Every structure is written in C-alpha cells, then in structure tokens.
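Novice:
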Amino acid sequence: MKWQSVDTRKGTHCRVLEGGSGAPLVFFHSAGGLLAENPFLERLAQTHHVFAPEWPGYGESTGEERLEDMLDFALHGWDLIDALALRRPHVVGHSMGGMIAAEMACLAPRDLGKLVLAAPAGVWLDEHPIPDIFALLPFQLAELLFHDPQRGQALMTGGADLSDMEALKDFYLASQRRLAMAGKILFPIPNRRLSKRLYRLSAETLLVWGASDRLIVPAYAARWRALIPHARLETIDGAGHMLPYEQPEAFSKAVSAFLG
Amino acid sequence: MKFTWFNLMPWPYLPDEFREKHRSVWVDIPNTLYDPRKGHHVYHTYLDQLEYADALGFDGIGCNEHHQNGYGLMPSPNIIAATLTRRTSRAAICVIGNSIAGYNPPIRVAEEFAMLDVMSGGRLVAGFPVGTPMDTNFCYGQIPALTRDKYREAHDMIMKAWASEEPFAFDGKYNQLRWVNCWPKPIQKPHPPIYIPGGGSIETWDFCLDYDYNYSYLSFFGYLRGKSLLDGYWERVAKRGKDESPYRAAFAQIVCVADTDAQAEELYAEHCLYFFNRCLHVFPPFADPPGYRTMATVKYGALSQLTQARQKILENLTWKQLIDERFVIAGSPETVRQQLEECIKGLRIGHLFCLFHNGDMPDWKVRHSSRLFAEQVMPHLRDLWPEWKHDDRWWVHPMDERIRPEERQPGAEKKEREEWPR
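Here it is, written out as structure tokens:
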C-alpha cells in the first residue's frame with residue numbers, strides 16, 4: 001500500500017493510505033490513528049480497493065481547526081469520499097471512526113455501499129460507563145485497549161524506544177495532537193446523540209466486536225443491534241477494543257465475507 | 261507594592277495515608293472525606309481570617325474557584341466574596357477568579373461581578389482564568405481543544421456587556437443571546453481591574469498585553485522556579501513595546517513568619533508539608549488533557565507534566581527542601597523580608613498574593629504569621645517600586661462615600677430615617 005494525499009473542498013489536507021483493487025472500501029481509523037503497521041488493511045486490499053484516510057490532526061493530515069463538532073466530522077468524511085472521487089464505497093469504521101461512519105450513513109444513507117462498524121463509539125449506557133480515555137496514564141491505555149496488553153503496547157508504539165527522551169517527547173506530542181482532535185467528539189462523554197438518528201441508517205450493516213473489549217464492553221454490541229435491527233453481529237475471540245490490529249486475519253476475513 | 265491575603269481554603273481533615281490510598285485530591289477525591297458539620301466551622305474560620313487580614317491592613321483579600329478539590333473549598337468564590345462585602349470596607353476583594361469558559365451563559369459572570377463591585381463600593385478585582393483542566397475539563401465537561409476559544413468568546417461577551425449602554429444581540433459560537441443587557445453594572449469604569457491567572461500558556465501573555473490586563477502567575481513552587489516563566493513574560497512585554505510597570509504582573513507565594521527561623525519550622529513545617537504532600541497530590545493525566553494546552557505551549561513547556569521527575573519532587577519533600585527551593589518563604593521577619601525582596605525584584609511584580617493559610621494550619625498560627633508579616637515585613641517592602649508609585653492602572657478605584665457594613669449591627673434598629681442618595 002502507498003500514501004497519497006488529497007485536499008477537500010473545505011480546505012483540509014489529508015493523507016490517505018491506498019492499495020489493492022476491486023470495489024472501493026474506505027476505512028476510518030480510531031482515536032489513536034493508524035498505527036505504524038496496519039496488516040488488516042493489507043489483507044482487505046487483497047479483495048478491495050482500500051482507502052484509509054487520516055483525520056485532520058493525525059499524522060500528516062492538517063486542517064484540524066476546521067473541524068469542531070460531530071457534523072463537521074461526518075461531512076468531512078463525505079468530503080474525503082468526494083475528493084477521492086469514489087462512488088458508493090463500502091465504509092468501515094473502527095471505534096471513533098465507527099461513530100463517524102455511522103453518522104455519515106445516517107446523513108446520506110444512499111451514498112454508501114455496505115457499512116462495517118468495528119466496536120464503534122457513540123453510544124452511552126449508564127450501567128456500563130466507558131472508561132475516560134482522556135485521563136489515563138500511558139501504561140493504562142494498552143490494558144484497556146488490548147486482549148494482550150503487552151503485545152498491544154508494542155503495536156501502539158511501533159517499536160519506538162520510549163525510554164529515550166526524544167522518542168518519548170515525539171510520541172507524547174503526536175498523541176496529544178491526535179487526542180485533542182478526538183476530544184471534540186468524544187470528550188467528556190462519547191455520545192453526540194447519534195442514537196436518535198440511527199433510524200435513517202439503511203445500509204446493510206455488520207457489527208464486529210472483540211470478545212474481550214474492556215473499553216467499549218460487548219454489552220454495547222447488544223445495544224447497537226437493538227438500534228440497528230437489520231445489523232449482523234460477529235464477535236472475535238482473543239481480541240480487545242483494537243480487534244483489527246489484534247486479530248487482523250479474523251477481522252479482515254469477517255469483513256471481506258460480509259462485503260462479498 | 262500591593263499585598264493580597266489569599267486563602268485557597270483547603271480541607272484540613274485529609275487523612276495521614278491520603279497519598280497512598282487515593283490517586284487524586286482533585287476531580288475524583290471521595291466526597292466521603294468531606295464532613296459538612298466540620299465544614300461549617302472551617303468556612304467560618306477561613307472567612308474570619310480574610311476579615312482579619314483586612315483589619316491588619318492588607319491591600320487585598322483573595323479567593324478563587326476550584327471544583328471537586330480537597331485544597332479548595334470554593335466552587336463559587338462569588339459567594340465567599342459576597343460575604344466579605346458585608347464584613348469589610350477597605351481591602352480590595354480579589355476574586356481570581358471565575359473560570360468563564362464553564363459558565364453558561366457567561367453573562368452570569370458579568371452580572372455577579374457587577375453585583376460584587378456594587379456591594380463592595382467598587383473594590384472588586386475581577387479574575388478571568390481559563391480554569392485548570394481539572395476544573396474546566398474534567399469537572400465541568402468542557403472540551404479541551406475548544407476551551408480557549410470558548411473562553412475568548414465568554415470574555416468578549418462579558419466585556420461588551422459591561423461596556424455597552426444598550427441591549428445588544430450576541431451571536432457567538434458557544435453562546436447565543438438575543439438580549440444582552442448587564443443589570444446591575446459595575447461601579448468601576450470602564451470596568452474593574454482584570455487579572456488573568458495563568459500557568460505557563462504563552463498565548464495568555466499576548467492576551468493580557470492585547471487588553472492591558474494583569475498577568476498573575478499562580479504557582480505553588482516559589483519564585484526560583486517562577487523566574488523563567490516571568491522572564492518569558494517580561495520579554496514578551498518588551499517585544500510588544502509595552503511599558504514595564506511591575507503592576508502588570510502578580511505572583512502567588514506561600515509565606516510563613518515567626519519570631520525566628522527555627523520557630524518558623526517548629527510552627528509551620530507540618531502544615532506546609534500537609535499542603536504539598538496531600539493537597540497537591542493530583543493524578544497526572546487530570547493535569548494535561550490533550551488539547552487543553554496548545555501545541556505551541558506543549559512544545560515550549562515540553563514534558564513538564566509528564567516527567568516522572570516533577571512527580572518525584574512531591575514524593576519525599578522535606579521542610580529543608582521547601583525552604584531551600586523557596587517553595588515556601590518562611591522564617592523570622594528579617595529572613596522573610598530579604599527573601600521576598602529578592603522574589604519581588606527578581607520577578608518584577610507589583611502584586612503579591614500571599615498564602616498564609618497552608619494545609620491544615622490552625623487558626624492561631626495563621627493569625628500569628630499574618631500579624632507578624634503585616635507589622636514587621638510589609639512596611640519594609642511597600643516602596644520597592646518608587647518610580648511606579650502612582651501607577652494605579654491595575655488596582656481598584658472604590659467610591660469615596662461608601663457604606664461601612666461591618667460597622668452595622670446585624671438586624672439593628674436605625675436611629676434616624678435614612679434616605680436614598682440623591
């Protein structure tokens with residue numbers, strides 16, 4: 001896969017990881033951004049033409065000051081699809097990306113192919129409060145996000161040596177920039193009333209959840225199924241919230257099979 | 261030189277093992293640690309102290325706003341200030357301040373500050389902090405990356421509300437009001453002196469200089485560590501071509517006075533250590549949510565919050581360290597005078613917020629320290645800025661014919677028929 005960049009009509013500049021051939025598939029990443037290695041995208045690219053844009057504020061994408069609220073984010077998703085000149089792509093969103101993808105599908109239900117929501121954010125259950133990702137010590141993050149936190153930690157840092165002050169500083173700055181952006185739709189409670197709009201969602205939908213998700217626990221999968229009655233649910237074992245990264249094989253298989 | 265007697269109002273009953281048992285004094289501190297019946301006595305003791313400071317001749321008496329915080333019992337500083345308007349008539353009442361990004365709508369602050377200015381006869385110093393991330397983001401739910409934008413908008417609304425003589429419509433991004441019409445309005449014209457308490461955000465310097473507001477650096481870590489930040493501020497002042505009046509800047513400093521240096525340790529050490537060890541025990545992620553500081557400031561201040569070193573400072577603090585590093589200025593009147601002179605001149609500040617009540621310090625020690633300061637230290641530090649003696653741009657301008665409410669007996673009959681002023 002290779003990087004390219006596009007400018008949206010709104011004026012954001014976005015880097016997009018692109019590869020493969022077949023029906024177009026857009027992947028929207030989570031609050032943590034794309035990681036150094038994204039093997040599930042490589043696998044999806046074997047059957048689809050994959051586009052994985054970085055949100056403004058992530059990596060080399062800029063223009064974050066132009067996006068302030070949920071509507072801005074969702075319209076930005078459509079602006080990107082326009083800028084990439086894609087017609088009715090399948091949309092796959094993970095966590096925060098799933099929240100935005102679902103919002104996009106409510107706004108323009110006839111403009112996408114199928115929809116995959118991997119452990120999407122955007123819904124809140126009082127009986128299962130989602131941990132506050134904006135108030136975590138660095139080592140606590142991997143414990144929440146991964147079935148296997150030790151492996152997860154290595155995946156997140158991409159092998160950077162964080163005992164090195166400079167590397168730590170770079171990592172911290174990039175992470176602050178990403179989460180500052182994510183906070184606009186996730187802080188202090190990751191719920192921007194998407195559930196009252198989900199009745200509009202008509203795309204064929206697959207929900208995928210990691211069986212050991214400790215951030216957005218599987219009880220949320222049941223809630224999403226109730227909100228989108230036509231959705232199917234697949235649960236992946238040995239995976240936490242970062243299921244595309246922890247079980248790339250099982251994840252991409254489930255997605256490819258659904259998209260056909 | 262102006263001296264303000266400031267009380268953070270800490271909860272004095274945090275248990276010995278607080279640090280070990282709880283992760284934070286702020287945001288998620290268990291409220292079972294608060295006992296409202298004891299709280300009744302605590303509030304009245306603290307209010308008595310502020311009134312005592314007025315009697316001792318301090319220029320100002322100060323309070324501030326914190327939420328869900330074991331060292332700050334003033335979620336609403338305006339309530340505290342309102343009581344002070346009824347029991348004092350001389351000192352400036354410094355509310356440093358209202359975290360305006362969290363008020364909905366912000367006109368509420370324009371109104372309440374106007375009430376305080378009117379009730380006090382024009383003695384209000386109005387502080388507009390962005391608010392700590394603990395308060396503004398984690399307790400009051402404001403989105404970190406949008407907090408500064410919202411703060412600016414709130415500021416614009418308040419200042420316009422004070423300045424305008426006619427109702428106006430305010431079409432903000434965060435606040436829309438069709439009829440803004442501040443009633444009552446403040447006595448002080450064009451508005452009460454504005455103080456902007458800041459940590460280390462470099463954008464705050466320019467904001468203060470754009471409007472000629474006072475910049476107040478409220479640190480608990482003393483003037484040696486505060487120096488580099490204030491040097492940065494003064495560089496900015498020079499670069500912007502503003503005059504270098506020391507009254508543009510204020511600094512907060514913990515001060516403890518006793519008859520001798522040894523006595524200062526004996527009297528105050530345990531209480532200062534209570535403050536540093538328990539009251540400043542904050543879960544680090546609460547202090548730096550992504551987006552609260554701008555990227556420019558994060559880069560400038562680098563990893564201050566993240567480094568283990570900073571956390572370590574607080575772990576095994578001793579009195580000697582507190583003194584050596586000047587987190588605390590303590591000792592005989594002469595020691596305190598010398599060190600404060602160094603502090604005031606070194607930082608080039610015209611206003612000092614003195615913290616005399618620290619941690620769980622009992623009332624009599626607070627009063628002892630404050631009185632020694634007022635009698636034996638303050639008079640010697642009054643004239644450190646002779647060339648700026650007449651610069652009153654950052655101080656209150658009370659009305660002359662003001663009522664002295666502290667001289668009125670509550671509920672007393674009045675002997676003569678009083679008429680409204682004509």
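In order, the protein sequences belong to chains R and P.
Here the first sequence stands for residues 1 to 260, numbered as in this note's numbering.
Here the second sequence stands for residues 261 to 682, numbered as in this note's numbering.
Each residue gets a CB set at the ideal place from its N, CA and C atoms; glycine is no exception.
This structure is a prediction, so every number in the text was calculated from the model and none was measured.
What's the C-alpha gap between Met-555 (chain P) and His-13 (chain R)?
Specialist: So the alpha carbons of these two residues sit roughly 18 Å apart.
Novice: Can you confirm whether Val-558 (chain P), when its beta carbon is compared against all beta carbons of chain R, has any partner nearer than 8 Å?
Specialist: yes
Novice: May I have a chain-ordered list of the beta strand (DSSP E) segments no shorter than 3 residues that lie completely inside the stretch 426-456 of chain P?
Specialist: 428-431, 436-440
Novice: From the beta carbon of Phe-187 (chain R), is the nearest beta carbon of chain P less than 8 Å away?
Specialist: For Phe-187 (chain R), the closest Cβ of chain P is nearer than 8 Å.
Novice: Is there contact between the stretch 337-351 of chain P and the stretch 407-422 of chain P, where contact requires at least three CB pairs shorter than 8 Å?
Specialist: no
Novice: With a 10 Å radius around its C-beta and 16 neighbouring C-beta atoms as the bar for buried, classify Leu-566 (chain P) as buried or exposed.
Specialist: Because the pLDDT at Leu-566 (chain P) is just 47, under 50, the model does not fix this residue reliably, and the value given afterwards should be weighed accordingly. Buried, since its Cβ has 16 or more Cβ neighbours within 10 Å.
Novice: What residues from chain R crowd round Leu-406 (chain P), counting only those whose CB sits closer than 7 Å?
Specialist: Glu-68, Lys-184
Novice: To which residues of the same chain is Leu-201 (chain R) closer than 7 Å at the C-beta, ignoring the five residues directly before and after it?
Specialist: Ala-102, Ala-105, Cys-106, Pro-109, Ile-228
Novice: Taking only beta-carbon atoms, is Gln-176 (chain R) less than 8 Å away from chain P?
Specialist: yes
Novice: Counting only Cβ pairs nearer than 9 Å, list the residues of chain R close to Phe-398 (chain P).
Specialist: Asp-132, Phe-134, Ala-135, Pro-188
Novice: Can you tell me which residues form a DSSP beta bridge with Cys-323 (chain P)?
Specialist: P:Val-355
Novice: According to DSSP, is Pro-544 (chain P) part of a helix, a strand, or is it coil?
Specialist: helix
Novice: Is Ser-380 (chain P) buried or exposed, if buried means 16 or more other CB atoms sit within 10 Å of its CB?
Specialist: buried
Novice: Would Leu-566 (chain P) pass as an interface residue toward chain R - the criterion being a Cβ-Cβ separation below 8 Å?
Specialist: Any reading at Leu-566 (chain P) must be qualified, since the residue scores a pLDDT of 47, below 50, and its modelled position is unreliable; the value itself is stated next. Yes, because at least one Cβ of chain R sits closer than 8 Å to the Cβ of Leu-566 (chain P).
Novice: Can you find a CB in chain P that lies within less than 8 Å of the CB of Leu-173 (chain R)?
Specialist: yes
Novice: Can you find at least 3 beta carbon pairs, one from the stretch 402-409 of chain P and one from the stretch 179-186 of chain R, that sit closer than 8 Å?
Specialist: In short, these stretches touch, since the Cβ pair count reaches three.
Novice: How about Gly-210 (chain R) and Ala-239 (chain R): do their beta carbons lie closer than 8 Å?
Specialist: yes
Novice: Mapping DSSP to helix, strand and coil, what is Asp-7 (chain R)?
Specialist: Looking at Asp-7 (chain R) - three-state DSSP - the assignment turns out to be strand.
Novice: Gly-118 (chain R) bridges to which residues according to DSSP?
Specialist: Here residue 118 (chain R) is Ala; the residue named in the question, Gly, does not match the sequence. Looking at the DSSP assignment, Ala-118 (chain R) forms a beta bridge with R:His-94, R:Val-208.
Novice: Could you spell out the range, first to last residue, of the beta strand (DSSP E) harbouring Leu-25 (chain R)?
Specialist: 24-28
Novice: For the stretch 233-252 of chain R, which residues have a beta carbon sitting closer than 8 Å to at least one beta carbon of chain P?
Specialist: Residues of the stretch 233-252 of chain R with a C-beta less than 8 Å from any C-beta of chain P: none at all.
Novice: Under the three-state reduction of DSSP, which class applies to Leu-615 (chain P): helix, strand or coil?
Specialist: strand
Novice: In whole angstroms, give me the CA-to-CA distance for Glu-372 (chain P) and Glu-601 (chain P).
Specialist: Linking Glu-372 (chain P) to Glu-601 (chain P) through their CA atoms gives a straight-line distance of about 36 Å.
Novice: Taking a contact to mean a Cβ-Cβ separation below 8 Å, would you say Gly-332 (chain P) touches Leu-376 (chain P) in this structure?
Specialist: no
Novice: If you run the structure through DSSP and keep just helix, strand and coil, what is Val-656 (chain P)?
Specialist: coil
Novice: For Phe-266 (chain P), which of P:Val-626, P:Arg-297, P:Pro-446 has the nearest alpha-carbon?
Specialist: P:Val-626
Novice: Please check if any C-beta of chain R sits within less than 8 Å of the C-beta of Gly-551 (chain P).
Specialist: Yes, contact with chain R.
Novice: By alpha-carbon positions, which one of R:Ala-52, R:Ala-31, R:Ile-133, R:Gly-32 ends up nearest to Leu-41 (chain R)?
Specialist: Comparing C-alpha distances from Leu-41 (chain R) to each of R:Ala-52, R:Ala-31, R:Ile-133, R:Gly-32 shows the shortest one belongs to R:Ala-52.
Novice: Got a sec: is the Cβ-Cβ distance from Met-156 (chain R) to anything in chain P below 8 Å?
Specialist: no
Novice: Once the 5 residues before and after Tyr-312 (chain P) are set aside, which same chain residues still bring their CB inside 8 Å of it?
Specialist: Once the five neighbours on either side are set aside, the close Cβ partners of Tyr-312 (chain P) are Arg-627, Ser-630.
Novice: On the DSSP bridge assignment, give the partners of Ile-185 (chain R) in chain order.
Specialist: Paired residue(s): none; Ile-185 (chain R) is not in a bridge.
Novice: Between Leu-607 (chain P) and Pro-593 (chain P), what straight-line distance do the alpha-carbon atoms span, to the nearest angstrom?
Specialist: 21 Å
Novice: Report the neighbours of Ala-180 (chain R) on chain P: residues whose CB is nearer than 7 Å to its CB, in chain order.
Specialist: Pro-404, Ala-405, Pro-550, Gly-551
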